[in-house]
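Taken in order, these protein sequences are the chains called A and B. Take the first sequence: its letters are residues 1 to 303, numbered as in our numbering. Take the second sequence: its letters are residues 1 to 615, numbered as in our numbering. Working notes for the structure below.
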Amino acid sequence: MEEVLYNVLGAIATFLVAFVVGMTYGGLNRKITARVQNRKGPPFYQNFIDTLKLASKKSAIHHGVMQHFGPAFLMVTSVMSLLIVPVLTHNQWFPNLNFHGDLIFLLYIMVFGPLGMALGAGQTGNPNSAIGITRGLSQMVGYEIPWVLALVALMIQYHTTSIVGLMAVQAQSGTWLMFSSPFAFIAAVMAMLGMFSYSPFDVVIAPAEIASGPASENGGKYLFTMMSSGSVFAFVKLTLYVDLFMGGADNIVILLVKTFALYMIPVLYSLTTVRYRTEQSIRWFWGWPSFFGLLAILQAVIF
Amino acid sequence: MNTIYIIFLIFLGGAVFTYFAGKIHKVLQDILFLVSILVPAYLFFANVEIGQNVNLTLGGISLSWGINYFSWLFSLIVLGLGSLAAIYAVGFMKGEKRRGYFYFNFILSIMAMTGILLSRDLVSFFVFWEIMTWSSYLITIYNGNKVQSIGIKYFVFSAIGAYAMLMAIVMVHHITGSFMIGDMIHAYPAMALSMQIWIPIMFLMAFGVKAAMMPLHVWAPGAYSNAPMAYTSVFSGALSKMGIYGMTLVLVTMVNHIPQGVWFREVLAWLGGITAVIGTLWAIQQDDAKKLLAYSSVAQLGYIITGIAIGTELAMLAGLFLAVMHALFKGTLFMVVGAIEKQTGTSNFTEVTGLIRKMPWTFLSALLAIIALAGIPPLGGFVGKWMLYESLITSNHYLLVIVIFFASTAAFLYCYKFLFGFFMGQEEKEWAHVKEAPAVMVLPMLIMALFMLVLGTFPGIILNPINHGLQALGYADSYKHLWDTSIILNSWGNKVVLQPILYSIAGIFLFFIAFLTWKGYKNTRFISTKDISSSGEVPKEDENLTFSVGFMQPFYRAVEPAMRRQIDKYYNAFADGLEATFEFLRRIYTGNGQTYAIYVIVFVVVMLLFKDFLF
């Protein structure tokens with residue numbers, strides 16, 4: 001019983017860390033974008049202000065049961081993947097549910113939330129929500145291909161389907177996987193651009209086109225839950241990449257340095273391009289990223 | 001008398017009595033129908049012991065019926081799903097025409113499937129196989145619609161399969177002099193190489209047709225969608241599994257024993273993968289829910305075929321587990337479509353929307369079935385997918401993993417389309433009168449949905465019978481080693497990591513539900529789907545905001561080049577070519593006496609002219 005309690009407390013602590021880091025990164029993203037575009041931009045803590053404001057608001061209306069469930073589904077994905085991905089290499093504080101084969105589990109639980117959220121957004125009846133969701137699901141089929149190619153390459157090269165196993169491989173050999181499996185890293189990073197859906201892959205939100213898509217009928221606590229889920233999930237994705245390709249992190253400072261360096265890739269790339277159409281985006285992922293993914297598999301099979 | 005005889009007698013007698021009982025009273029007909037499905041199912045599970053055998057001689061041919069663990073596993077699908085579908089069918093067929101015809105064929109096809117599983121000799125196997133084909137064909141054309149395009153196509157493909165099987169049986173009898181399946185398996189390793197290759201190919205063709213394997217799948221979308229939904233849940237859920245049953249037997253007991261067997265496996269595995277991709281892409285395209293599910297069935301059977309074709313222990317477990325799951329979720333989904341069709345009169349996404357508040361229980365079962373279909377944890381579909389990936393990676397099928405993964409990711413698109421198309425979106429006035437389906441239809445769906453939920457956390461409930469079935473086929477007992485090394489298969493599934501996962505998911509979900517609705521739920525007021533902010537403007541009452549036409553357009557645009565080629569077009573071109581040949585023949589054989597007289601004269605003249613050369 002005591003163990004369960006400690007785990008729950010640890011999970012809450014992990015959640016808070018992920019929340020704060022994710023929110024700060026989001027704020028920094030806004031600041032950096034503004035500075036590149038020669039604006040002053042909001043302060044880096046603007047996202048905290050926004051979310052706190054949303055959390056304190058009351059909702060007056062709802063469209064039905066699924067609308068209540070949608071953001072909760074989204075949170076399940078974020079928190080479950082947070083519990084699966086090891087935050088630090090050696091620690092007692094952050095609990096971890098990981099098991100043999102959790103990479104495949106992660107691939108599937110990552111879809112659970114968006115689909116549940118999509119149902120919630122669907123019940124509002126706003127056509128923009130549904131359009132955004134169809135775009136998002138289509139794009140997901142696009143970037144999952146290079147992402148899975150990279151993961152399968154890692155799995156067959158190191159004979160494990162668990163994240164902890166891959167981290168152990170790096171600890172043993174002393175080389176990060178981004179150097180020993182460079183093609184897998186390239187393919188995975190390219191897929192990450194799609195996962196973050198910043199420009200040019202922001203087809204889901206498409207602010208000027210479909211009025212923020214799935215989130216359009218949500219406000220107050222609902223939007224708060226969605227935003228915090230997004231921040232937590234951003235942290236999870238970055239941590240996962242650090243774990244898989246950059247040897248994990250021993251303490252929180254190293255983790256922040258590595259994740260921030262990775263985070264700059266989608267942020268800076270987004271500043272250079274404008275939005276693709278959905279089918280262009282899908283085909284982009286099936287082009288060079290998948291090619292690198294295939295190279296990674298080839299490397300894994302031959303070496 | 002042996003229970004196996006009694007089961008078949010009840011099936012046969014029940015079919016006939018049910019057919020005629022409609023003339024007396026409709027309720028009597030319903031009761032007789034239920035009795036003649038449920039009683040044999042009960043007798044089968046209660047009284048028939050595994051390993052039991054009965055022999056009888058009919059017309060000089062000795063027939064043998066018996067049961068082992070492997071066929072018991074499939075009978076679980078056939079009789080379990082069959083019973084639930086029968087209960088559902090009573091609700092579904094209420095007020096429909098020609099109920100006797102439907103019930104008669106329904107019972108016969110359940111009987112035929114049970115018979116296939118019990119057959120220990122090729123003759124009764126073939127006879128039951130044909131009864132199954134005939135009864136399903138007759139139900140497919142029950143509506144009287146599209147008999148030409150759909151019924152004939154199904155029948156032609158079934159006939160091709162049946163003739164292939166018949167030829168194989170004749171060849172086997174010629175070689176071994178016996179019709180017993182055991183003798184065939186026994187004699188197989190000693191046969192000539194050409195026989196060793198041709199006999200499995202013939203059998204696999206027959207089974208591939210029923211399992212809707214590429215390139216023999218073209219009949220499936222039409223036949224699945226044209227039959228009444230109460231039967232389609234059995235058609236797709238159980239009848240297609242007979243193909244899987246046969247394939248597994250051929251692969252494990254025959255092909256495994258020759259060195260060329262590797263090629264059979266590789267080709268089948270890839271055909272399964274390609275079937276999965278093609279089925280999925282076409283399912284995304286469909287606007288009719290029946291067609292969507294039919295293509296999705298083709299795709300799901302692709303995974304199963306891949307699993308059993310890989311043939312390692314884990315892959316077999318994955319394939320058979322997915323087979324059970326497919327029976328559950330596809331049975332449920334076809335029942336959902338049937339319920340919606342019954343209540344609204346259509347099954348087209350572009351017509352019917354926003355049913356979630358009108359049919360909540362149907363929605364709940366559809367939601368659970370869709371989650372299981374998509375393979376998302378914590379439902380049972382994930383367990384099967386997980387084992388399939390693991391087995392593909394460990395057996396070095398790297399590209400096949402990607403193919404399967406692509407299919408299963410793209411499946412999310414049609415999953416969402418199904419749920420959104422029926423239940424979400426704008427609530428139109430046109431459908432304001434719709435009510436929840438009757439309890440007799442909802443209950444079977446909910447039972448199956450519940451079972452899927454349980455299997456996600458306790459897969460051992462099904463994995464244990466599968467393990468016994470595989471042992472009957474000669475596999476080692478996977479309980480000892482496999483179930484320990486991979487977490488999901490760990491001892492019985494009730495002491496494993498899946499449980500904390502389920503609890504965590506439920507805990508997180510409930511916590512945030514509470515967070516969102518705490519105090520808020522009573523204070524918020526329900527508003528209609530017209531009362532939304534559309535770019536800052538409030539839409540008017542008569543404005544059409546339904547989004548259902550061209551639903552997955554962006555995705556379709558990206559994959560459009562891949563979908564231009566269709567195997568169906570080649571078949572149709574082939575059929576046209578045949579028709580042209582027949583047309584030409586018809587011009588020769590005009591049926592006119594004078595024409596024939598000319599032929600005779602021309603023949604004689606030619607003979608006379610060239611007699612020096614010829615004789």
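C-beta atoms are modelled at their ideal positions from N, C-alpha and C, and glycine is treated no differently.
The C-alpha of Phe44/B lies about 8 Å from the C-alpha of Ile4/B. Exposure of Gln37/A is indicated by the presence of fewer than 16 other C-beta atoms within 10 angstroms of its C-beta. With fewer than 16 other CB atoms across the displayed protein chains lying within 10 angstroms of its CB, Ala13/A is exposed. Non-local C-beta neighbours of Thr312/B in its own chain, meaning closer than 8 Å and more than five positions away in sequence, comprise Ser391, Thr394, Ser395, ordered along the chain. Excluding sequence positions up to five before and after Ile104/A, its CB lies within less than 8 Å of the CB of Thr161, all in the same chain and listed in chain order. DSSP places Gly287/A in the coil class of the three-state scheme, outside both helix and strand.
DSSP, reduced to helix, strand and coil, places Asp288/B within a strand of the structure shown. The alpha-carbon separation between Ala55/A and Phe515/B amounts to approximately 10 Å. For Leu119/A, the residues of chain B that pass the 7 Å Cβ criterion are Leu419, Met424, in the order they occur in the chain.
Annotation note: the region 178-265 of chain A contains the following uninterrupted alpha helix (DSSP H) runs of length 4 or greater, listed N- to C-terminal: 182-196, 207-210, 220-245.
Apart from sequence neighbours up to five positions away, the residues of its chain that approach Lys258/A with a beta-carbon distance below 7 Å are Val242, Met246, Ala249, ordered along the chain. In this structure, Gly125/A is the residue among Glu2/A, Gly125/A, Asn7/A, Leu82/A with its C-alpha nearest to the C-alpha of Arg357/B. Neighbourhood of Arg357/B in chain A, by CB distance below 8 Å: Gly64, in chain order. Judged by their CB atoms, Tyr42/B and Phe102/B are not nearer to each other than the 7 Å cut-off.
Pairing Gly151/B with Thr248/B, the inter-Cα distance amounts to about 28 Å. Burial check for Met140/A: the Cβ neighbour count within 10 Å reaches 16 or more, so the residue is buried. The continuous stretches of alpha helix (DSSP H) do not include Thr57/B, which lies in the beta strand (DSSP E) extending over residues 53-58. Between the C-alpha atoms of Tyr416/B and Phe423/B there is a straight-line separation of about 10 Å. Of the residues Val17/A, Ile32/A, Pro207/A, Pro146/A, the one whose Cα lies closest to the Cα of Phe235/A is Val17/A. Looking at the backbone, the Cα of Leu74/A and that of Trp361/B are separated by about 23 Å. Here Ser391/B carries a helix assignment [DSSP, helix/strand/coil]. DSSP places Gly66/B outside any alpha helix (DSSP H); the residue lies instead in the beta strand (DSSP E), whose first and last residues are 61-66. With the rule of 3 Cβ pairs closer than 8 Å, the region 223-237 of chain B counts as touching the region 80-92 of chain B.
In the DSSP assignment, Pro539/B falls outside any alpha helix (DSSP H), carrying neither H nor E. For Met441/B and Ile466/B, the gap between their C-alpha atoms comes out near 29 Å.
Checking the DSSP bridge columns, you'll see Asn348/B partnered with Asp288/B. Taking C-beta separations shorter than 8 Å and ignoring five residues to either side along the sequence, the partners of Ala407/B in its chain run Gly273, Ala276, Val277, Gly279, Thr280, Ala299, Gly302, Tyr303, following chain order. The Cβ atoms of Pro127/A and Ala187/A do not sit closer than 7 Å to each other. In this structure, the alpha-carbon of Gly144/B lies about 25 Å from that of Val27/B.
Check the Cα spacing between Glu427/B and each of Ile61/B, Thr529/B, Thr346/B, Ser136/B: the tightest is with Thr529/B. In this chain, Thr89/A is not harboured by any alpha helix (DSSP H), its DSSP state being neither H nor E. When Cβ pairs closer than 8 Å are counted between the two stretches, the region 247-263 of chain B is seen not to touch the region 156-174 of chain B, the count staying below three.
When only Cα atoms are considered, Asn105/B and Ile37/B end up about 12 Å apart.
By the rule that beta-carbons nearer than 7 Å mark a contact, Val401/B touches chain A. With respect to the C-alpha of Phe8/B, the residue from Ala85/B, Ser75/B, Glu537/B, Ala112/B having the closest C-alpha is Ala112/B.
Runs of the beta strand (DSSP E) lying entirely within the region 91-174 of chain B, each at least 3 residues long, are absent.
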